[in-house]
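Novice: One structure coming up, written as structure tokens, with questions to follow.
Chains as they are written, first to last, in the working numbering: chain B, 232 to 500; chain Z, 608 to 797.
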């Protein structure tokens with residue numbers, strides 16, 4: 232191939248960017264790009280010109296879990312924190328046996344949890360009276376940190392409405408003190424019901440975390456209950472609760488259907 | 608249609624610089640600002656949400672790992688990001704298509720009406736100052752040249768697939784692409 236032919240080089244660069252340069256010819260051109268400045272110049276020319284086409288299409292919001300998984304994959308130091316104690320801040324090392332310190336590593340598995348309990352109901356005979364629910368410590372439309380230099384939440388799990396794209400991303404604040412729930416879509420409540428997030432731990436009553444946000448991208452931050460910290464196994468579940476029960480902390484217990492739950496985030500520590 | 612102001616472009620450039628420095632928060636903000644554009648394109652090219660999501664994630668991981676490769680003097684941040692996403696989509700199409708998707712010149716999530724009707728990206732693009740030149744030059748191509756270029760861009764079609772879609776001999780399609788791009792280049796350089 233005579234790459235010293237300027238016209239040919241232009242043509243190859245154009246077809247490379249367009250995508251019609253295939254197979255061995257494409258690989259040869261990619262090799263040339265590593266060393267040939269003119270080839271890179273021609274490629275850059277077409278990349279910029281043709282990228283205009285890409286800006287013509289209507290934007291489409293990707294599913295929330297793509298973002299969560301991306302950030303998880305892009306942050307190996309945080310995800311590997313438990314296996315690399317040297318890099319851990321003191322505060323996190325102190326909690327290294329806490330389930331919350333391990334939760335992020337199980338994010339993908341947790342997001343695969345299905346609604347095998349769909350239709351199952353809690354009743355007074357199924358579970359004991361749960362602990363009093365928590366009020367959110369913050370409610371906002373911003374899913375990320377607002378201050379420069381602030382660390383991003385650590386993805387923990389995802390709970391979904393079965394058969395729909397509606398879901399909530401559950402993340403831990405970097406200090407592992409709070410749980411943040413972000414709604415992936417609007418959830419239109421029917422009647423006087425709302426979605427309640429619970430934490431299930433073995434040999435213990437369900438622990439009420441709080442009411443999930445119902446507006447797309449809205450986030451609610453909950454204090455992580457003391458009963459849950461340090462537990463070896465944790466499962467999140469969502470139930471549809473009557474509003475009057477969900478707001479009456481003294482008498483509240485899960486009575487609505489379990490819509491979804493994650494698998495145990497940590498099997499053993 | 609996406610239109611970014613000079614201020615937004617500058618901000619995206621700043622975010623890319625920070626991403627190159629390993630700032631995960633900037634990666635998240637960059638993703639929030641630009642992923643709908645890239646996902647729209649990937650859905651258009653790949654058609655399958657699971658493929659588009661995989662390509663989207665791979666694209667931003669690539670950005671995370673190679674953001675220093677972005678050179679502001681060579682173009683806008685969004686153009687570079689679109690390039691990253693398109694190359695990933697083309698790779699996916701080459702490895703997975705294999706006849707899995709029927710080649711068509713009409714079917715698509717958002718059909719490209721290259722005849723120039725109101726709904727086409729080409730026509731909508733003229734509303735944007737930044738795209739005006741490209742679209743004006745595209746109108747200087749013959750109908751088959753324009754159609755070939757747009758199908759290759761939006762569908763990721765190879766020469767062979769274009770030949771099928773346009774019901775024309777392979778050599779003829781190659782010539783349409785070659786001459787169309789040459790004419791486009793000539794116009795864009797004026």
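Backbone N, C-alpha and C define an ideal beta-carbon position, used for all residues, glycine too.
(1) Would a check of beta-carbon distances place residue 284/B closer than 8 Å to chain Z?
(2) Over the uninterrupted alpha helix (DSSP H) stretch that includes residue 684/Z, give me the two end residues.
(3) Suppose the cutoff is 6 Å on Cβ atoms and the five residues either side in sequence are ignored; what does the same chain contact list for residue 418/B look like?
(4) So the alpha helix (DSSP H) residue 557/Z belongs to, where does it begin and stop?
(5) Quick check on residue 797/Z: does DSSP put it in helix, strand or coil?
(6) By the three-class DSSP mapping on this structure, what secondary structure does residue 388/B have?
(7) Hey, would you say residue 672/Z sits closer than 8 Å to residue 293/B, going by beta carbons?
(8) Please classify residue 411/B as buried or exposed, where buried requires at least 16 other C-beta atoms within 10 Å of its C-beta.
(9) Take every Cβ of the segment 640-649 of chain Z, pair it with every Cβ of the segment 681-693 of chain Z, and state whether three or more of those distances are shorter than 8 Å.
(10) Could you tell me which chain Z residues have their CB closer than 8 Å to the CB of residue 391/B, listed as they occur along the chain?
(11) If distances are taken between C-alpha atoms only, which option among 451/B, 393/B, 469/B, 276/B comes closest to residue 424/B?
(12) What number of angstroms, rounded off, separates the C-alpha of residue 719/Z from the C-alpha of residue 762/Z?
(13) Hey, does residue 288/B have any beta-carbon neighbour from chain Z nearer than 8 Å?
(14) Under the criterion of a Cβ to heavy atom distance below 7 Å, does residue 413/B qualify as lining the ligand SAH?
(15) Closest Cβ-Cβ distance between residue 412/B and chain Z: below 8 Å?
(16) Count the CB pairs spanning the segment 619-631 of chain Z and the segment 674-689 of chain Z that are closer than 8 Å, and state whether there are at least three.
(17) Is the distance from the Cβ of residue 280/B to the Cβ of residue 741/Z below 8 Å?
(18) Could you check the C-alpha separation between residue 328/B and residue 656/Z for me, to the nearest Å?
(19) Under a CB-based cut-off of 8 Å, is residue 752/Z close to chain B?
(20) Can you list, in chain order, the residues of its chain whose CB lies under 7 Å from that of residue 666/Z, leaving out five sequence neighbours each side?
(21) Quick check on residue 360/B - is its C-beta less than 8 Å from some C-beta in chain Z?
(22) Would you list, in sequence order, the uninterrupted alpha helix (DSSP H) runs of no fewer than 4 residues that lie entirely inside the segment 247-306 of chain B?
(23) So, with DSSP's three-state summary, where would you put residue 411/B?
(24) Provide the residue span of the beta strand (DSSP E) that contains residue 775/Z, from first to last.
Specialist: This is what the structure holds:
(1) Yes, residue 284/B lies at the interface with chain Z (some Cβ there is under 8 Å from its Cβ).
(2) 684-703
(3) 397, 445
(4) In the structure as shown, chain Z begins at 608 and stops at 797. Residue 557/Z is therefore absent and cannot be evaluated.
(5) Residue state, collapsed to three classes: coil.
(6) strand
(7) no
(8) Residue 411/B comes out buried.
(9) A contact exists between the segment 640-649 of chain Z and the segment 681-693 of chain Z.
(10) Per Cβ cutoff of 8 Å: no residues; residue 391/B is ~15 Å from chain Z at best.
(11) 469/B
(12) Its pLDDT being 43, under 50, residue 719/Z is placed unreliably by the model, and nothing is read from it.
(13) yes
(14) Absent from the structure shown: the ligand SAH. Ligands present: none.
(15) no
(16) yes
(17) yes
(18) Caution is warranted here: a pLDDT of 34 is assigned to residue 328/B, below 50, making its placement in the model unreliable, and the coordinate value is therefore given only provisionally. Each residue's alpha carbon lies about 38 Å from the other.
(19) no
(20) 645, 691, 692, 695
(21) In this predicted model, residue 360/B has a pLDDT of only 35, less than 50, meaning its place in the structure is not dependable enough to derive any value.
(22) 254-266, 268-285, 295-304
(23) strand
(24) It is not in any beta strand (DSSP E) - residue 775/Z carries neither H nor E in the DSSP assignment.
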